[in-house]
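S.K.: Let me give you the structure first, and then I'll get to my questions.
Residue numbers (the numbering used here): 5 to 204.
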């Protein structure tokens with residue numbers, strides 16, 4: 005562990021500690037958003053490939069010896085109807101299939117993120133229960149250590165017993181710190197799953 009610890013602003017620590025699970029926030033996940041944008045682009049491309057009507061602006065100018073002939077120059081709108089363009093139909097169907105594949109990947113990504121979110125929440129709950137037990141054990145060990153010091157002063161407890169209890173106490177303290185670090189890492193992972201990590 006770093007000798008001086010790691011310092012973060014209180015606002016970030018409060019946001020990490022105060023985060024509550026919300027399944028709807030999965031839609032903010034960056035990977036999920038990226039898949040959504042790709043699916044929307046594929047859908048738009050497929051729709052564009054199979055347009056029944058194509059509208060174009062057209063302009064034509066006629067020149068005679070570098071002189072523009074006004075009565076032969078014109079501009080207008082050209083409308084084409086695509087009734088039997090199989091290439092466009094096939095391109096459109098390919099685009100629709102691509103869209104469907106991306107939608108399936110989005111569904112899978114959502115389920116994957118939801119499972120990860122629930123797993124992290126279960127781990128956090130388990131760690132917090134274990135941490136409470138360790139804190140109680142630490143308080144009990146403090147009382148035992150204080151009693152052993154008094155008994156040692158009146159020669160009823162050995163120095164070895166006292167050192168052994170002191171070692172147990174330090175081991176508990178270390179395990180509690182490790183649990184708190186693990187808890188923070190899991191909460192940061194939850195923030196990542198929900199797309200909230202970048203807003204810290």
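All residues carry an ideal CB built from backbone N, CA and C; glycine is no exception.
Here the structure is a predicted model, which means the values were calculated and not measured.
From residue 199 to residue 27, what distance separates their C-alpha atoms?
M.R.: Walking along the chain shown from the start, residue 199 turns up at place 195. Walking along the chain shown from the start, residue 27 turns up at place 23. For residue 199 and residue 27, the distance between alpha carbons rounds to 11 Å.
S.K.: With residue 30 and residue 121 assumed to form a contact (beta carbons below 8 Å), what rounded beta-carbon distance in angstroms separates them?
M.R.: In the chain shown, counting from the first residue as 1, residue 30 sits at position 26. In the chain shown, counting from the first residue as 1, residue 121 sits at position 117. Yes, they are in contact, since the Cβ atoms of residue 30 and residue 121 sit about 7 Å apart, within 8 Å.
S.K.: DSSP has residue 51 in a bridge; who is on the other side?
M.R.: Within the chain shown, numbered from 1, the residue matching residue 51 stands at position 47. Paired residues: none, contrary to the question.
S.K.: Inspect the beta-carbon positions of residue 63 and residue 107 and report whether they are closer than 7 Å.
M.R.: Taking the chain shown and counting its residues from 1, one reaches residue 63 at position 59. Taking the chain shown and counting its residues from 1, one reaches residue 107 at position 103. Not in contact: residue 63 and residue 107 (Cβ atoms no closer than 7 Å).
S.K.: Would you kindly work out how many angstroms separate the C-alpha atoms of residue 69 and residue 83, rounded to a whole number?
M.R.: Position 65 of the chain shown, counted from the first residue, corresponds to residue 69. Position 79 of the chain shown, counted from the first residue, corresponds to residue 83. Distance between the alpha carbons of residue 69 and residue 83: 32 Å.
S.K.: Pull the bridge partners of residue 57 from the DSSP assignment, please.
M.R.: Position 53 of the chain shown holds residue 57. In DSSP, residue 57 forms a bridge with 85.
S.K.: Over the uninterrupted alpha helix (DSSP H) stretch that includes residue 147, give me the two end residues.
M.R.: Residue numbering aside, residue 147 sits at position 143 when the chain shown is read from its first letter. From DSSP, the alpha helix (DSSP H) with residue 147 extends over 90 to 157.
S.K.: Please report the residue range of the alpha helix (DSSP H) in which residue 167 lies.
M.R.: Sequence index remark: in the chain shown, residue 167 carries index 163 (1-based). Residue 167 -> alpha helix (DSSP H) spans 163 to 197.
S.K.: I need the DSSP call for residue 200, collapsed to helix, strand or coil.
M.R.: Sequence index remark: in the chain shown, residue 200 carries index 196 (1-based). Note: residue 200 maps to coil in three-state DSSP.
S.K.: Would a C-beta distance cut-off of 7 Å place residue 135 and residue 23 closer than the cut-off?
M.R.: Taking the first residue of the chain shown as 1, we reach residue 135 at position 131. Taking the first residue of the chain shown as 1, we reach residue 23 at position 19. No, these two residues do not count as a Cβ contact at 7 Å.
S.K.: Contact between the stretch 155 to 163 and the stretch 126 to 142 is defined here as three or more beta-carbon pairs at a separation below 8 Å; is this criterion met?
M.R.: Result no; under three Cβ-Cβ pairs closer than 8 Å.
S.K.: Would you say the stretch 135 to 149 touches the stretch 172 to 188, given that touching needs at least three Cβ pairs under 8 Å?
M.R.: At 8 Å Cβ cutoff, the stretches touch.
S.K.: Provide the residue span of the alpha helix (DSSP H) that contains residue 18, from first to last.
M.R.: The sequence position of residue 18 within the chain shown is 14, counting from 1. Unbroken alpha helix (DSSP H) run through residue 18: 14 to 21.
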